[in-house]
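Engineer: Starting off with a structure, shown below.
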Amino acid sequence: MLLSPKARLAYLAVILLSAGVSVLLFEPQRLLSAGWPPQLSGAGAVLVFGLAYGVCTAALVPRPILNLAAGALFGTQAGFAAALGGTVLGAGLSFALGRVLGQEALRPYVRGRWLKAADGQLSRHGFRSVLAIRLFPGMPFVVANYAAAVSRMRCLPFLLATALGSIPNTLAYVIAGSEATSPTSPAFLVSTGFIVLSAAVAALVGWRKRHHLRRPGPAGTAPAPREPERVSA
């Protein structure tokens, strides 16, 4: 009973709840105002930040805050390396937790047109679907991670698509964070413009997908009336 699908799903819920409470208590967003601890510096600080980034994203901390913090603390190059590494690590942690603890219990509840469409897309075309989600991040990061974990998508394509698709948006936020003290600089203006543009494109794509799913498909249309059989003389 302790290893049944429902029991493992309960463990996952407890882990996520504990992670959320920890985030509320420790407030990692204070890095933007308080800065990095002075006793940590150099490559070791970048590595520690990347590891903490991965754990925080798995604990439901929004990535934009961590990306801005990475740029503000370490600059563009080191901050981007820490943020992208943490992104892949956090995605892997969430995927592993969802696959081991939640997939068997949640798959029977994948019903309804939208859920079935999302599950089918991730199961059949996982790499390009995750790549599109990361390039145009309309879906929250952690939601995409657990949706992929519940689907039949494999782990390696998921992580590769996450790494490649997260590059543009992550870099834009890191540059914005590193140039936050110069809001009129070209780098800051270009990065913020890209963030706004990608958000607008994501909203447009999401609206079109939603409109497409609302249209009745072949399975939802009423069957054509049968012609009356002719009686031969």
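Residue 12 is where the sequence shown starts when you use this note's numbering, and the numbers rise one by one after that. We put the beta carbon where it would ideally sit given N, CA and C, even for glycine. None of the values given here were measured: they were computed from a predicted structure.
Using 8 Å as the threshold, is the C-beta distance between Leu-215 and Gly-176 below it?
Structural biologist: The sequence position of residue 215 within the sequence shown is 204, counting from 1. The sequence position of residue 176 within the sequence shown is 165, counting from 1. No.
Engineer: Could you check the C-alpha separation between Phe-152 and Leu-171 for me, to the nearest Å?
Structural biologist: Along the sequence shown, one-based indexing puts residue 152 at 141. Along the sequence shown, one-based indexing puts residue 171 at 160. Roughly 15 Å separates the two Cα atoms.
Engineer: Give the straight-line distance between the Cα atoms of Ala-155 and Ala-56, rounded to the nearest whole angstrom.
Structural biologist: On the sequence shown, residue 155 is found 144 positions in, with the first residue counted as 1. On the sequence shown, residue 56 is found 45 positions in, with the first residue counted as 1. Roughly 29 Å separates the two Cα atoms.
Engineer: With three or more C-beta pairs closer than 8 Å as the rule, is the region 177 to 197 touching the region 159 to 169?
Structural biologist: no
Engineer: Provide the residue span of the alpha helix (DSSP H) that contains Gly-96, from first to last.
Structural biologist: Numbered from 1 along the sequence shown, position 85 holds the residue referred to as residue 96. Counting along the chain, the unbroken alpha helix (DSSP H) around Gly-96 starts and ends at 74 to 108.
Engineer: Once DSSP output is grouped into helix, strand and coil, what is the label at Leu-71?
Structural biologist: As a first step, residue 71 is located in the sequence shown; it is residue number 60 there, counting from the start. It is coil, neither helix nor strand.
Engineer: With a threshold of 7 Å, establish whether the CB of Thr-87 neighbours any heavy atom of the ligand SAH.
Structural biologist: The ligand SAH is not part of this structure, which contains no ligands at all.
Engineer: Here's a check: name, in chain order, each residue in its chain whose Cβ is nearer than 8 Å to the Cβ of Glu-190, leaving out the five neighbours to either side.
Structural biologist: The residue you call residue 190 lines up with position 179 of the sequence shown. Counting only Cβ-Cβ distances below 8 Å, and skipping sequence neighbours, we find Gly-82, Ser-196, Ala-198, Phe-199, Ser-202.
Engineer: Could you check if Ala-93 is buried or exposed, using at least 16 other CB atoms within 10 Å of its CB as the buried criterion?
Structural biologist: Mapped onto the sequence shown, residue 93 falls at position 82. By the 10 Å Cβ count, Ala-93 comes out buried.
Engineer: Does Leu-208 pass the burial test, meaning 16 or more other C-beta atoms within 10 Å, or should it be called exposed?
Structural biologist: Against the sequence shown, residue 208 aligns to sequence position 197. Leu-208 should be labelled exposed.
Engineer: Put Thr-203 into one of helix, strand or coil per three-state DSSP.
Structural biologist: In the sequence shown, counting from the first residue as 1, residue 203 sits at position 192. In this structure, Thr-203 counts as helix in the three-state DSSP scheme.
Engineer: Once the 5 residues before and after Phe-91 are set aside, which same chain residues still bring their CB inside 6 Å of it?
Structural biologist: Sequence index remark: in the sequence shown, residue 91 carries index 80 (1-based). Answer for Phe-91: Leu-182, Val-185, listed in chain order.
Engineer: Pick out whichever of Ala-24, Leu-167, Ala-70 has its Cα sitting closest to the Cα of Gly-31.
Structural biologist: Within the sequence shown, the letter at position 20 stands for residue 31. If we check each option's Cα against that of Gly-31, Ala-70 comes out closest.
Engineer: Please tell me whether Leu-58 and Thr-68 are closer than 8 Å, where the distance is taken between their beta carbons.
Structural biologist: Taking the sequence shown and counting its residues from 1, the one referred to as residue 58 is at position 47. Taking the sequence shown and counting its residues from 1, the one referred to as residue 68 is at position 57. Not closer than 8 Å, so no.
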